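Residue numbers (our numbering): 1 to 485.
In structure tokens form, the structure reads like this:
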């Protein structure tokens with residue numbers, strides 16, 4: 001999210017996050033000043049702007065005894081950083097200007113003024129701020145016409161993350177593409193690939209596909225290096241992409257024929273979402289593919305998965321999850337270009353002995369000539385691996401049943417962690433879980449949905465929006481709901 005917000009807006013979200021995850025109800029102002037490296041004047045200004053901006057959410061940052069801060073909200077008000085971040089992005093100049101560049105491409109700044117409803121001086125100022133955000137994503141802004149310029153894959157990643165982060169408030173923002181066509185394509189693709197997409201992941205994947213289609217319609221095609229083309233071709237052969245019907249997608253953009261490379265990239269953009277394999281043979285196919293064509297990646301995933309414990313109920317699934325994460329780096333040289341890195345989660349890292357083992361594994365991998373992406377992104381990958389292994393170790397003994405549907409935007413391993421957190425506090429007599437892997441969701445069968453993402457999943461079932469990991473307030477809200485049922 002850092003790559004989609006101005007510095008001041010990201011700082012405000014960070015302040016809220018510190019209050020969310022405080023061990024006590026109150027946080028000293030000095031602690032926040034030191035943590036954020038800001039002055040008291042800036043902090044007071046930020047608090048005032050936060051309270052004004054989020055007034056509709058019925059929560060505010062209050063001061064207690066002059067030097068302490070706390071979050072004041074009613075018990076029924078459910079918040080998390082994903083929700084607040086989504087609202088901030090949706091109401092940002094960066095989002096509005098990006099929409100113009102994506103759909104209209106104004107010829108002059110005067111047209112930006114007209115479409116955005118701002119003054120000319122404000123337009124220039126906001127375009128400069130937008131330049132800074134794009135630079136962080138290895139992109140830049142062409143102003144005549146207004147257009148984001150750079151590597152086409154990076155441009156698509158940027159638009160995807162912008163639209164998926166804002167979706168809870170914006171709704172479907174790509175009217176050029178018929179959403180029903182996209183959903184129909186996904187419903188046929190998911191069983192073919194042997195995967196289950198949660199309602200959250202389904203929305204994300206629809207956005208990813210639509211961004212690709214609009215860019216193709218406008219004449220922007222991806223140019224791959226020889227090495228990237230080889231990787232795409234191998235994967236397409238593995239899954240027999242030639243058997244997949246793309247007619248509905250082509251129809252949605254006026255009958256434009258999709259080149260094979262673009263077809264393959266649309267399938268591979270599944271990696272931008274989280275999904276669960278329900279077909280063990282497809283999992284094995286992924287593992288066999290990496291074992292044969294990317295042995296270094298396979299061995300790295302295997303070593304990391306084993307740290308989680310040989311008694312984990314599905315070690316193969318852990319390997320597949322790790323390989324899916326590594327695949328994000330196939331077309332992105334540096335993690336700086338991945339805008340969905342989670343800067344707010346506060347999961348406890350594994351103990352020191354486990355951390356040392358993982359550090360050694362990643363250090364060794366960084367010297368492998370076939371794992372250059374590890375060397376270039378060691379810090380980000382190590383942080384992910386710490387969290388991944390810790391979550392896997394905590395959640396490996398979770399019971400399985402029905403009633404509460406748990407959904408995590410980050411994927412099935414994190415869903416298991418959320419179940420672990422619930423199970424620690426509530427016995428099976430009170431709470432049982434749904435593990436349905438049918439792409440047709442029957443949400444009326446659930447009593448409660450617990451999710452770490454504020455998507456409109458159901459109008460019929462109560463939804464609890466959790467932080468990741470859940471805060472005391474999140475768990476209290478679930479407890480209240482359980483004992484109210």
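Where a beta carbon is used, it is the ideal one built from N, C-alpha and C, also for glycine.
Remember, it's a predicted structure, so these values are computed and weren't measured experimentally.
Proximity of the stretch 169-187 to the stretch 202-221 meets the contact definition, three or more beta-carbon pairs being nearer than 8 Å. In this structure, the alpha-carbon of residue 72 lies about 5 Å from that of residue 60. The Cβ neighbour count for residue 317, taken over all protein chains shown within 10 Å, is at least 16; the residue is labelled buried.
Measuring C-alpha to C-alpha distances from residue 379 to each of 359, 293 and 225 identifies 359 as the nearest. Apart from sequence neighbours up to five positions away, the residues of its chain that approach residue 412 with a beta-carbon distance below 6 Å are 276, ordered along the chain. In the DSSP assignment, residue 447 falls outside any beta strand (DSSP E), carrying neither H nor E. The C-beta distance from residue 134 to residue 148 rounds to 6 Å, short enough to fall under 8 Å.
Rounded to the nearest whole angstrom, the C-alpha separation of residue 58 and residue 478 is 20 Å. For the pair of segments examined, the stretch 90-98 was found not to touch the stretch 198-212: the number of CB pairs separated by less than 8 Å stays below three. Taking all protein chains shown into account, residue 181 has 16 or more neighbouring C-beta atoms within 10 Å of its C-beta and is therefore buried. Under the three-state reduction of DSSP output, residue 96 falls in the helix class. Sequence-distant partners of residue 288 (beyond 5 residues in either direction) whose C-beta falls short of 8 Å from its own C-beta are missing from its chain. For residue 70, the enclosing beta strand (DSSP E) starts and ends at 68-73. Taking the C-beta atoms as reference points, residue 365 is found nearer than 8 Å to residue 300.
Per DSSP, the beta bridge partners of residue 149 are 140.
Residue 482 has its alpha-carbon roughly 11 Å from the corresponding atom of residue 403. Residue 414 and residue 274 have their alpha carbons spaced roughly 10 Å apart. Just so you know, the alpha carbons of residue 110 and residue 142 end up roughly 15 Å apart. If you check the CB distance, residue 89 and residue 165 come in under 8 Å. Classified as buried, residue 416 has 16 or more neighbouring CB atoms from the shown chains inside 10 Å of its CB. The beta carbon of residue 263 lies closer than 7 Å to those of 241 and 246 in the same chain, with the five residues before and after it left out. Between the stretch 182-202 and the stretch 466-478 there are fewer than three C-beta pairs closer than 8 Å, too few to call the two in contact.
Judged by DSSP in its simplified three-state form, residue 77 adopts coil rather than helix or strand. Spatial neighbours of residue 64 in its own chain (CB-CB distance under 7 Å, excluding positions within 5 residues in sequence) are listed in chain order as 26 and 70. Annotated three-state conformation of residue 130 is helix, per DSSP.
With respect to the C-alpha of residue 34, the residue from 213, 11, 252 and 369 having the closest C-alpha is 11. Residue 24 sits in coil when the DSSP states are folded into three classes, being neither helix nor strand. For residue 463, DSSP records a beta bridge to 449.
Annotation: residue 463 to residue 292 spans about 43 Å, alpha carbon to alpha carbon. Between residue 86 and residue 169, the gap from beta carbon to beta carbon is short of 8 Å. In chain order, 315, 318, 319 and 322 place their CB closer than 7 Å to the CB of residue 305, counting only its own chain and leaving out the 5 sequence neighbours on each side. A straight-line Cα-Cα distance of about 51 Å links residue 129 and residue 430.
For residue 327, same chain residues with a beta-carbon under 7 Å away, outside a window of 5 residues either side, are 271 in chain order. Annotation for residue 446: 405, 434 and 461 place their beta carbon closer than 6 Å to its own, counting only its chain and skipping 5 residues before and after. Taking the Cβ atoms as the reference, residue 140 lies roughly 7 Å from residue 131, within the contact range of under 8 Å.
If you draw a 10 Å sphere on the C-beta of residue 425, you find fewer than 16 other C-beta atoms in it, and that means exposed.
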